Each structure stands twice: as C-alpha cells, then as structure tokens.
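Residues in the sequence shown are numbered from 1 upward in steps of one, following the UniProt record's numbering. All residues carry an ideal CB built from backbone N, CA and C; glycine is no exception. In this text, all values refer to a predicted model and were calculated from it rather than measured experimentally. To start, the structure under review is shown below, and the notes come after it.
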Amino acid sequence: MNDINDLILQTVRESTILEYKEANFLNPSRADLQKQYWKLIKIICGFANNNGGILILGISDDSNSCASSITPLHQDHTVLINKLRGLTVSHTIPSVLIKIQEIHTNPSTPTEYILVIKIIESEEPVMYINSSDGDSHKYYFRYNEDTIPADHATLRLLFSKKNIEEKLIEYLESRNYGLNFRNSENVVSWISIPFQFPLETFTEINNSTITELRAIFNNPSRDNRFHGISSNGRYSHNGILFFFLLPRDENDLYNGYFEIKNNGYIEFKAGIHADEQFLMESNIIKNFNEFINYLYNFYSHYNYFGDIYTILSLKKTKKELKLGIRDFSGTFIHNTRNNFSLENQIHIKRIVSIKDIENEDSRLKLSNDFKRELYNCFGID
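Structure, rendered in structure tokens:
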C-alpha cells in the first residue's frame, strides 16, 4: 500500500509502462460497462506489444495524467478478477499473460480495494479480437500514456521481433562460443535501456560504458564479428551491451559480451579475461562519474517516474561489478533480485521530472544530491 500512496504523493504520471483507471470506470451501473471492459483489454494488448506494463484499477488521474487519489473498487473482487482474466483470454491472440494483485485500501472496510494488474510482454504480436467491437482484429501498442492502434511501420517491427531474436540466438549458439543464450544463469549483468527511451538518450548514456569497455579489451577479430541481423523494436538502439560470465571460470570478471548497434551490426567477443586492476579502488573512483552520469540520465528521464532503487554492486572478493535498477513496482528492470548483491542498494525518491525544472541551479542541485547519495553508498568523499 505504501507504493500506491507514493504514486499519489509524488503525482507519478502515466507512461508507456503505467496506466490508472478510477473506480467509476467500471461502475456496475454504467450503461456502457461492457465497452469499458473492452477498453481495458485494448490497454492490456498495448502493454503486451511493448515491454509490458502495470494497469491500476482504483486510482484517479488529473488533467496531466498524474496519479491523483485512491477511488476504491467495491464490487465482488473474485467476480471482477475472474471476469478480467476471462476477457483477456477470449479477446487476445495469442493470450496475454497477466498477474493480478488485490490491495485493500481500508483495514476497517474489507470490501474496498484496488487491483494492480501486471501485463507481461508478449513474445509475439498480440491481436485484439472481438466480434462485437468495430476495433476488432487490430494490434495496439503504448505511445506515452496512450494506447493506440499500430501503424504499418510498427506492425513490421512487432512481427519481426520474435523472428529476429530467434535468428540471433541460433546464430550465436552455432558459433560455438560456449554460451547457451536460453540459459539465464549465463547472464551476470547487462547495461541497456528499456524500449520506450528515445535513441538520443540511449546513445548518450551508453557511450561512456561502451568506450570504456573497448579501451580495456582489444577489438574482436573478424572471426568474432558478423552482419546480417536486421534491426527491430528490441535491437534498434545504438550500442546495447550484454555481458556474460561462464560458470566454468569464476575468476573472470566478464568473459563474453556482444553489442548490438542501430544498423543491426553485432560485435561479439568471447574468452575475455579482465585485468584485476580494473576493480582497484583508484580505478573505481576514477570512473565513478561515468557510472553516475549513466544513472542520473536514467533517473531524470522525462518518461520515467516514481521511486527507483539504483543498485551498483561491487564485491571485490568475487570481482563482480554490477549495475541494476528496480522500479517502484518492485520489478527489476535490469535483472532479478537473486542475481544482485543488495549490500550496496540506494533508494532515491524523485518527486518531479527533470523536464519540469526550468531553473539551471535547481537542475544542478538535483544532480549533486544524486551524486552525493551514490558517493556515500560506497564511502567515497
């Protein structure tokens, strides 16, 4: 319930990953109640066709699409949840996977509650089907806080996504690098940005990381490069960087990475052995501003609201340097809880968007406050 209250206190805005609907949206006395349910299914389709998202029933929003107040639901929760699950199954192809959490808003009134619906990203394009609705047989996706039908260009990206990902996985595995990309245990950490972020922002905040990696490791040989993977919605950003650690050698910091560029060109290197000096305290301090700039850009981006947990985990004994970001819903954007050491976890609350701060001094103060919290976390003066 604290997370829900924080959404309102911080006036968190709807986005590509978040939508609010007040209780009256599903008022049983509405003459258009059935159409309201259809609207919810279209929203669910939109989230599934992007990177997934969260739909909260029981929160009203203001004229700026920001969380305003709790408006609890009163209808039988079991009936409502079953209806939502049934409509999702019957009106989506392929069926969308959703997880529904019921949160009681008043301990003294158990019939008052809100529903938090988590929509999982679909591996295939999801079509909305409904013989009673003129919008049937359309593919919806999220654009900022709106759910809209996909245009031709977006449809091409949606339909190419799974095909390209499978080709990528099959190709890398066929190269006999010793990596099983379907085995999540091979992945230690990765640095990337969710799909909804603009290309300019992604390129800016990843550039220093990629540059640093290339400075540490020699350029991969021709044998470890390949072309021919077309860009798509998942791999269309410049410089998506993945790191891999094979369990057979725990002494390596990272011993594999590949980078996916905007034009589909992929650079891959296996068998990397990082110099132990990379994790010396002096080097960490020297490069710390680059990590801070990365985190600050993510934290301050206009499209990202709410509480975030920034996790930069450093364990010298195992020579692991990891970065992770968890959003207000408790979901890790970059990895799962079990794959991170939470000993160096920072909780940073943001109450405004960087875009709303017109005064340069205020921007600078926000940046300095952010840096100070990160430095304090690692005991750096």
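For residue i, which residues from the same chain have a beta carbon less than 6 Å from its beta carbon, with the 5 sequence-adjacent residues on both sides left out?
i, result
"Thr147", "Lys42, Ile43, Gly46, Tyr140"
"Glu276", "With a pLDDT of 39 at Glu276, under the threshold of 50, the modelled position of this residue cannot be trusted, and the question is left open."
"Asp133", "Trp38"
"Glu19", "Ile43, Leu55"
"Ala150", "Tyr139, Phe141"
"Val89", "Ser95"
Between residue i and the rest of its own chain, which residues show a CB-CB distance below 8 Å, the 5 nearest in sequence each way excluded?
i, result
"Arg85", "Ile98, Ile100"
"residue 391", "This structure gives no information on residue 391, because the portion of the chain shown stretches from 1 to 381."
Is it the case that the Cβ atoms of residue i and residue j are separated by a distance below 9 Å?
i, j, result
"Ala23", "Thr71", "yes"
"Leu55", "Leu40", "yes"
"Asn64", "Arg13", "yes"
"Ser15", "Asn144", "yes"
"Ile17", "Gly52", "yes"
Report back the beta-carbon spacing between residue i and residue j to the nearest angstrom; my notes put them in contact at under 8 Å.
i, j, result
"Asn50", "Arg142", "5 Å"
"Ser122", "Ala48", "4 Å"
"Ala67", "Ile8", "5 Å"
In terms of alpha-carbon separation, which member of the options lies closest to residue i?
i, options, result
"Leu57", "Ala150, Ile117, Lys138, Gly134", "Ile117"
"Thr78", "Asn2, Ser63, Ile114", "Ile114"
"Leu26", "Asp6, Asp133, Gln75, Ser69", "Gln75"
"Thr111", "Ile17, Asn2, Leu80", "Leu80"
"Thr109", "Ser69, Leu73, Val96, Tyr20", "Leu73"
"Asn2", "Asn130, His152, Lys35, Thr105", "Thr105"
"Asp62", "Pro149, Leu87, Lys21", "Lys21"
Tell me, which residues are paired with residue i by DSSP?
i, result
"Gln101", "Val116"
"Gly53", "Ile119"
"Glu19", "Leu55"
"Pro149", "Tyr140"
"residue 455", "For the chain, the structure presents residues 1 to 381; residue 455 sits outside this window and is missing."
In chain order, what residues of the same chain have a beta carbon less than 7 Å from the beta carbon of residue i, not counting five sequence neighbours either side?
i, result
"Phe159", "Pro125"
"Tyr128", "Ile41, Lys42, Cys45, His91, Thr92, Asp135, Ser136, Lys138, Tyr140"
"Thr154", "Phe141"
"Pro28", "Gln75"
"Gln36", "Phe25, Leu26, Arg30"
"Leu87", "Tyr37, Ile41"
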